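Undergrad: Let me give you the structure first, and then I'll get to my questions.
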Amino acid sequence: MTQPFRSDETVATTCPYCGVGCGVMVSRGPGALGEPQAEARPVTGDKTHPASFGRLCVKGASLHETIGPGGRLLHARVKGARVSLTQALDTVAERIRVSIEQYGPESVAFYLSGQLLTEDYYVANKLAKGFVRTPHVDTNSRLCMSSAVAAHKRAFGADVVPGCYEDLELADLLVLVGSNAAWNHPVLYQRMKAAAREGRRVVVIDPRHTATSELADLHLSLRPGTDTILFNGLLVWLADCNALDRDYLSVHCGGLSETLDSARQAAPDVASVAAACDLAPDDVEAFYRWFAETPRTVTGFSQGANQSVAGTDKGNAIINCHLATGRVGKPGASPFSLTGQPNAMGGREVGGLANTLAAHMDYQAPGARERVAGFWQCPAVPEGPGLKAVDMFDAVLQGKIRVLWIMATNPAVSLPDSARVREALKRCDTVIVSDCVDRTDTSALADIVLPAAGWGEKDGTVTNSERRISRQRAFLPLPGDARPDWWLVSQVGSRLGHGKAFDYGGPREIFCEHAALTALDNNGSRPLDLSGLADLDQQAYDSLEPVQWPVDQQGQSRARMFAEGGFATPDGRARLIPVSTILPASGPAQPGEVVVNTGRIRDQWHTMTRTARAPRLLAHRDEPFVEMHPRDMAGTGLEEADLAELAGQYGRFVGRVRSSEGQRPGEVFVPIHWNRQFSGDAVASQLIAPVTDPVSGQPESKHGVARVSRYPARWHGRLLVRRDRPRRWRAGYWSHAPLAECDSWWLADVERPDWLRDMMDFLGGRPQLVMQDAAQGRFRAARLVDNRLEAILLVDARPERIPDIAWLASCFALEALDEHQRRGLLSGKDLQAEDIGKVVCSCFGVGDKQITAAVAAGCGTVGALGDKLQCGTNCGSCIPELKTLIEASVTEPS
Ligand SMILES: Nc1nc2c(c(=O)[nH]1)N[C@H]1C(S)=C(S)[C@@H](COP(=O)(O)OP(=O)(O)OC[C@H]3O[C@@H](n4cnc5c(=O)[nH]c(N)nc54)[C@H](O)[C@@H]3O)O[C@H]1N2
Ligand SMILES: Nc1nc2c(c(=O)[nH]1)N[C@H]1C(S)=C(S)[C@@H](COP(=O)(O)OP(=O)(O)OC[C@H]3O[C@@H](n4cnc5c(=O)[nH]c(N)nc54)[C@H](O)[C@@H]3O)O[C@H]1N2
Ligand code: SF4
Ligand SMILES: [Mo]
Numbered sequence: 001m002t003q004p005f006r007s008d009e010t011v012a013t014t015c016p017y018c019g020v021g022c023g024v025m026v027s028r029g030p031g032a033l034g035e036p037q038a039e040a041r042p043v044t045g046d047k048t049h050p051a052s053f054g055r056l057c058v059k060g061a062s063l064h065e066t067i068g069p070g071g072r073l074l075h076a077r078v079k080g081a082r083v084s085l086t087q088a089l090d091t092v093a094e095r096i097r098v099s100i101e102q103y104g105p106e107s108v109a110f111y112l113s114g115q116l117l118t119e120d121y122y123v124a125n126k127l128a129k130g131f132v133r134t135p136h137v138d139t140n141s142r143l144c145m146s147s148a149v150a151a152h153k154r155a156f157g158a159d160v161v162p163g164c165y166e167d168l169e170l171a172d173l174l175v176l177v178g179s180n181a182a183w184n185h186p187v188l189y190q191r192m193k194a195a196a197r198e199g200r201r202v203v204v205i206d207p208r209h210t211a212t213s214e215l216a217d218l219h220l221s222l223r224p225g226t227d228t229i230l231f232n233g234l235l236v237w238l239a240d241c242n243a244l245d246r247d248y249l250s251v252h253c254g255g256l257s258e259t260l261d262s263a264r265q266a267a268p269d270v271a272s273v274a275a276a277c278d279l280a281p282d283d284v285e286a287f288y289r290w291f292a293e294t295p296r297t298v299t300g301f302s303q304g305a306n307q308s309v310a311g312t313d314k315g316n317a318i319i320n321c322h323l324a325t326g327r328v329g330k331p332g333a334s335p336f337s338l339t340g341q342p343n344a345m346g347g348r349e350v351g352g353l354a355n356t357l358a359a360h361m362d363y364q365a366p367g368a369r370e371r372v373a374g375f376w377q378c379p380a381v382p383e384g385p386g387l388k389a390v391d392m393f394d395a396v397l398q399g400k401i402r403v404l405w406i407m408a409t410n411p412a413v414s415l416p417d418s419a420r421v422r423e424a425l426k427r428c429d430t431v432i433v434s435d436c437v438d439r440t441d442t443s444a445l446a447d448i449v450l451p452a453a454g455w456g457e458k459d460g461t462v463t464n465s466e467r468r469i470s471r472q473r474a475f476l477p478l479p480g481d482a483r484p485d486w487w488l489v490s491q492v493g494s495r496l497g498h499g500k501a502f503d504y505g506g507p508r509e510i511f512c513e514h515a516a517l518t519a520l521d522n523n524g525s526r527p528l529d530l531s532g533l534a535d536l537d538q539q540a541y542d543s544l545e546p547v548q549w550p551v552d553q554q555g556q557s558r559a560r561m562f563a564e565g566g567f568a569t570p571d572g573r574a575r576l577i578p579v580s581t582i583l584p585a586s587g588p589a590q591p592g593e594v595v596v597n598t599g600r601i602r603d604q605w606h607t608m609t610r611t612a613r614a615p616r617l618l619a620h621r622d623e624p625f626v627e628m629h630p631r632d633m634a635g636t637g638l639e640e641a642d643l644a645e646l647a648g649q650y651g652r653f654v655g656r657v658r659s660s661e662g663q664r665p666g667e668v669f670v671p672i673h674w675n676r677q678f679s680g681d682a683v684a685s686q687l688i689a690p691v692t693d694p695v696s697g698q699p700e701s702k703h704g705v706a707r708v709s710r711y712p713a714r715w716h717g718r719l720l721v722r723r724d725r726p727r728r729w730r731a732g733y734w735s736h737a738p739l740a741e742c743d744s745w746w747l748a749d750v751e752r753p754d755w756l757r758d759m760m761d762f763l764g765g766r767p768q769l770v771m772q773d774a775a776q777g778r779f780r781a782a783r784l785v786d787n788r789l790e791a792i793l794l795v796d797a798r799p800e801r802i803p804d805i806a807w808l809a810s811c812f813a814l815e816a817l818d819e820h821q822r823r824g825l826l827s828g829k830d831l832q833a834e835d836i837g838k839v840v841c842s843c844f845g846v847g848d849k850q851i852t853a854a855v856a857a858g859c860g861t862v863g864a865l866g867d868k869l870q871c872g873t874n875c876g877s878c879i880p881e882l883k884t885l886i887e888a889s890v891t892e893p894s
């Protein structure tokens with residue numbers, strides 16, 4: 001492997017997280033990634049990568065902290081028992097063979113992921129459709145991009161993002177719909193932000209205030225689900241003020257008049273739009289005016305649009321306005337679907353969605369099935385289409401699908417009504433899970449787990465949001481029995497008797513085969529054309545520079561599409577699509593209920609399997625939360641830092657309350673990341689109904705309904721224990737965050753334990769230091785072995801009174817604690833670090849300097865001091881001294 005390296009020292013690869021697809025440089029050699037002193041050689045941004053030009057967000061910049069052997073799945077298991085990889089692959093093949101024999105090919109299904117590399121994906125699709133001959137191949141992109149895909153296909157005839165990243169900078173008006181790019185596409189957001197200039201405007205359309213809306217000149221905090229009304233109203237406005245591009249429409253588009261008619265019905269004027277969307281009429285009008293008067297407009301859209309029962313319609317309502325103004329694929333003027341996963345686009349290209357066949361060909365396209373079968377040299381491909389994700393898991397539940405192979409996704413967490421998904425997995429005859437981490441909510445329910453190679457260990461390509469294909473390159477050895485996904489799939493293909501079709505020497509051969517299929521009988525009929533990449537030799541594949549498709553035979557690539565028409569429809573014209581109003585299926589919240597919006601936080605990636613391994617990525621948010629408006633908090637008796645319980649039809653969610661004025665009253669926001677590996681009851685999808693968009697099949701993940709109440713905790717606790725100590729206790733609420741030096745847990749329960757009895761369970765043994773104050777509901781204890789801190793538990797009736805744990809956590813790194821450190825433990829304070837003066841309250845380690853400062857800041861009574869510093873609130877023996885200090889401060893002349 002010589003080519004991947006830009007020099008002997010570095011390898012250029014691509015970030016495995018979001019669809020921005022940033023270039024990453026990794027050092028090799030002593031101290032490099034995967035070696036003991038890896039932090040000495042962190043990853044850096046690749047200055048030459050055209051998506052990112054050297055930038056990385058915190059997730060990308062922490063990649064070196066997330067790899068390494070800890071927590072990895074290194075060996076295969078069958079029914080929980082470790083087996084050789086050969087045995088496991090034999091078992092997989094045997095189960096598939098028997099199922100086909102007994103119940104037919106449709107009893108086998110594959111559930112794939114936008115986090116597979118294109119080569120992995122291609123081989124899995126080929127095995128399923130060509131050789132197992134089941135149409136049931138779907139992917140987590142169903143939950144992510146399928147509405148955008150459907151909208152693209154309806155409008156353009158093919159799943160094509162017409163613009164490129166540069167357009168987001170060139171635009172004079174940037175509209176972001178349902179996108180929190182500041183957190184979820186951070187490097188692209190940095191590019192948008194850096195493009196700020198006189199005359200450039202940004203409009204953010206999102207029910208809640210987000211980090212992204214801070215960039216906005218106008219934030220339209222619309223009622224959830226009403227985007228189609230807003231954009232129908234825009235189309236009407238554009239028509240009424242003569243802002244339509246009649247030339248572009250007449251030459252390149254169809255469907256204007258019926259689309260405009262239906263828009264007029266849905267959204268006749270600004271006043272009705274404003275009322276339906278719960279917006280100020282002036283704001284709606286400002287948005288419409290800016291859109292009408294700004295030729296260089298880009299509308300970026302993401303999950304606030306896609307994840308909706310009207311997701312496809314939202315996409316088309318946006319695209320309609322761009323087609324109608326001729327703003328498609330022109331510099332600074334285009335609709336732009338922001339892709340979520342690193343290879344959501346690549347997966348679509350190979351045909352990973354149940355309704356497509358391969359290489360952007362649909363089952364029903366004339367000649368497509370024969371073409372693909374001929375190319376793969378299999379007798380036939382299924383008639384298709386197959387079942388989409390939610391329906392696929394229903395079929396599993398009903399016993400119609402009996403063998404399910406899940407790769408690189410965690411559906412027990414990410415699919416709606418996840419309780420039902422878990423039930424389906426439990427009932428299924430054979431669940432095969434390929435993953436690179438040891439334990440996930442899904443693999444916990446698998447019959448067979450296969451160890452997959454992870455980022456840095458495998459080679460292949462990904463396609464980012466702007467159609468740019470970049471190489472991921474291996475720079476680490478394969479750990480344990482882990483193998484790349486394409487290899488695992490190919491091995492099963494061979495075992496099923498199709499050795500010739502799966503006899504790949506490496507990812508290059510697969511990539512070239514995929515590229516050749518995109519070119520086959522294409523002749524300009526399918527925009528996805530990689531002819532220029534079909535003959536790469538190993539050297540060319542290894543040194544492939546990031547390139548946007550299509551790539552023609554001459555190797556010419558295109559940054560933008562469709563500015564001059566040439567759509568992938570039979571008549572070459574794009575279609576405007578009439579969009580009626582479909583409001584969220586989960587309905588409005590009734591009294592006592594809230595609408596539940598779900599989404600992402602800045603530093604975690606999905607189900608946390610990788611990002612939760614980097615302590616610094618937990619520093620931003622270390623616990624599941626419920627963000628809600630102060631008015632709703634007051635209405636339900638909740639205070640900041642309480643635990644809120646959301647109870648819906650499909651399950652419950654418990655998380656810490658965060659007060660937010662940026663939340664619309666009646667609506668709460670919860671993160672999607674926490675799951676059973678990290679918290680007791682914090683799977684957001686348990687609150688989401690399995691209702692889907694009728695066209696795309698994408699679930700309405702942004703809109704659940706739940707009753708909200710205070711989780712009636714009698715105590716709150718924080719437990720720090722030496723790393724990886726097994727959990728031997730129970731608590732009604734728990735949430736786990738691995739820290740650099742130890743493991744940390746948030747705890748709470750509705751029942752008060754008998755501490756002196758139960759603390760051995762929490763601490764893993766007898767504590768040396770104990771402090772109890774029944775009146776305050778306070779209990780603190782620490783266990784040391786040979787003066788080394790093993791565990792510490794801090795319990796209080798009120799969570800905000802639990803001390804900060806930063807210093808305590810650092811104590812786990814010390815071989816032995818000195819006297820000061822020991823004395824500080826139960827107060828959580830390093831008595832030496834801060835000049836607190838003479839210790840007055842020894843229970844909480846509060847010094848006279850702190851007390852004097854607090855008195856000067858307004859604490860005039862012992863009670864007030866206790867509230868602020870906790871001094872005097874335990875044994876009370878320092879209260880006289882506190883009084884003296886108060887009097888001294890008060891009588892001192894100013
Ligand atoms: N940090 C981080 N980044 C990520 C990911 C991650 O897990 N973590 N995941 C990646 C993936 S796979 C994806 S798909 C992307 C997703 O990226 P985004 O789409 O930006 O992410 P979300 O937070 O899911 O949702 C975006 C916004 O939609 C809003 N929204 C909810 N309902 C509506 C509505 O009815 N209308 C409108 N207009 N907006 C609404 C929400 O309030 C939310 O702020 O992020 C990618 N990037
Ligand atoms: N309520 C709600 N639900 C949602 C969403 C939402 O906004 N709200 N968003 C949806 C969206 S957009 C998405 S994309 C999904 C994401 O949801 P998932 O795809 O379920 O989440 P991940 O944690 O990314 O799962 C990826 C898994 O693949 C493993 N893995 C990583 N690399 C490899 C590899 O190379 N090979 C193999 N075999 N395994 C690997 C990881 O360890 C992890 O277990 O969630 C969806 N669900
Ligand atoms: S913006 Fe996305 S691709 Fe870029 S470094 Fe961050 S997570 Fe990785
Ligand atoms: Mo996604």
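549 is the number that the numbering used here gives to position 549 of the sequence shown; each next residue is one higher, with no gaps. Even for Gly, the Cβ is constructed at its ideal location relative to N, Cα and C. Model, not experiment: these values are computed from the prediction.
Under 7 Å Cβ to Cβ from residue 2, same chain only, skipping five residues before and after it: list those, please.
TA: Annotation note: pLDDT 33 at residue 2 (below 50); position unreliable, coordinate value reported separately. There are no such residues.
Undergrad: Please give me, in chain order, every unbroken run of the alpha helix (DSSP H) with length at least 4 that falls completely inside the segment 178–203.
TA: 181–184 and 186–194, all fully within the segment 178–203.
Undergrad: Tell me the DSSP bridge mates of residue 361?
TA: 358
Undergrad: Using a Cβ-based criterion (distance less than 7 Å to any ligand heavy atom), does residue 437 qualify as near ligand 2?
TA: Closer than 7 Å to some heavy atom of ligand 2: that describes the Cβ of residue 437.
Undergrad: Between residue 222 and ligand 1, is there a pair consisting of the residue's CB and a ligand heavy atom that are separated by less than 7 Å?
TA: yes
Undergrad: Let me know if residue 436 comes out buried or exposed under the rule of 16 or more other beta-carbons within 10 Å of its beta-carbon.
TA: buried
Undergrad: How do the segment 640–659 and the segment 617–628 stand: do at least 3 beta-carbon pairs fall below 8 Å, yes or no?
TA: Taking 8 Å as the limit for Cβ pairs, the verdict is that the segment 617–628 does touch the segment 640–659.
Undergrad: Hey, could you find the ends of the beta strand (DSSP E) residue 138 is sitting in?
TA: 137–139
Undergrad: On a Cα-Cα basis, can you pick out the residue from 571, 246 and 109 that is closest to residue 397?
TA: 109
Undergrad: Whole angstroms is fine: what's the gap from residue 518's alpha carbon to residue 554's?
TA: 15 Å
Undergrad: Please report how far the alpha carbon of residue 66 lies from the alpha carbon of residue 619, in whole angstroms.
TA: 15 Å
Undergrad: Using 7 Å as the cut-off, classify the Cβ of residue 206 as near or not near the heavy atoms of ligand 1, replying yes or no.
TA: yes
Undergrad: Please classify residue 69: is it buried, with 16 or more other beta-carbons within 10 angstroms of its beta-carbon, or exposed?
TA: exposed
Undergrad: So, with DSSP's three-state summary, where would you put residue 229?
TA: helix
Undergrad: Please name the residue or residues paired with residue 841 in a DSSP beta bridge.
TA: 846
Undergrad: In terms of residue numbering, what span does the alpha helix (DSSP H) encompassing residue 170 cover?
TA: 165–170
Undergrad: Output needed for residue 39: all residues of its chain with C-beta closer than 8 Å, excluding positions within five of it in sequence on either side, in chain order.
TA: Model confidence at residue 39 stands at a pLDDT of 46, short of 50, so the residue's coordinates are unreliable; what they give is reported in the following sentence. Counting only Cβ-Cβ distances below 8 Å, and skipping sequence neighbours, we find 64 and 65.
Undergrad: In chain order, what residues place their C-beta within less than 6 Å of a heavy atom belonging to ligand 4?
TA: 144, 340 and 341
Undergrad: Extract the residue ranges of the beta strand (DSSP E) inside the segment 733–778, only unbroken runs of 3 or more that lie entirely within it.
TA: 733–738, 743–749 and 769–773
Undergrad: From residue 126 to residue 255, what distance separates their C-alpha atoms?
TA: 37 Å
Undergrad: Where DSSP assigns a beta bridge to residue 407, which residues make up the other side?
TA: Bridge partners of residue 407: 434.
Undergrad: Out of 132, 241, 707 and 796, which has the shortest C-alpha to C-alpha gap to residue 714?
TA: 796
Undergrad: In the structure shown, what three-state DSSP assignment does residue 490 receive?
TA: helix
Undergrad: Going by DSSP, what residue range makes up the beta strand (DSSP E) through residue 549?
TA: Residue 549 -> no beta strand (DSSP E), and no H or E assigned at all.
Undergrad: Residues in its own chain within less than 7 Å of residue 218 by CB, not counting five upstream and five downstream?
TA: 203, 283, 286 and 287
Undergrad: Give the secondary structure of residue 700 by DSSP, where H, G and I count as helix, E and B as strand, and everything else as coil.
TA: coil
Undergrad: Cβ of residue 673 within 7 Å of any heavy atom in ligand 3?
TA: no
Undergrad: Taking 8 Å as the threshold, find out whether the segment 592–609 comes into contact with the segment 567–580 through three or more Cβ pairs.
TA: no
Undergrad: Excluding five sequence neighbours on each side, which residues of the same chain lie with their C-beta closer than 6 Å to the C-beta of residue 495?
TA: 93
Undergrad: Indicate whether residue 855 and residue 847 have their beta-carbon atoms separated by less than 8 Å.
TA: Not in contact: residue 855 and residue 847 (Cβ atoms no closer than 8 Å).
Undergrad: Counting by C-beta, which residues lie closer than 5 Å to a heavy atom of ligand 3, in chain order?
TA: 15, 17, 18, 20, 22, 56, 57, 59, 60, 186 and 187
Undergrad: Quick one: grab the DSSP three-state call for residue 896.
TA: This structure leaves residue 896 out entirely; the chain is present only between 1 and 894.
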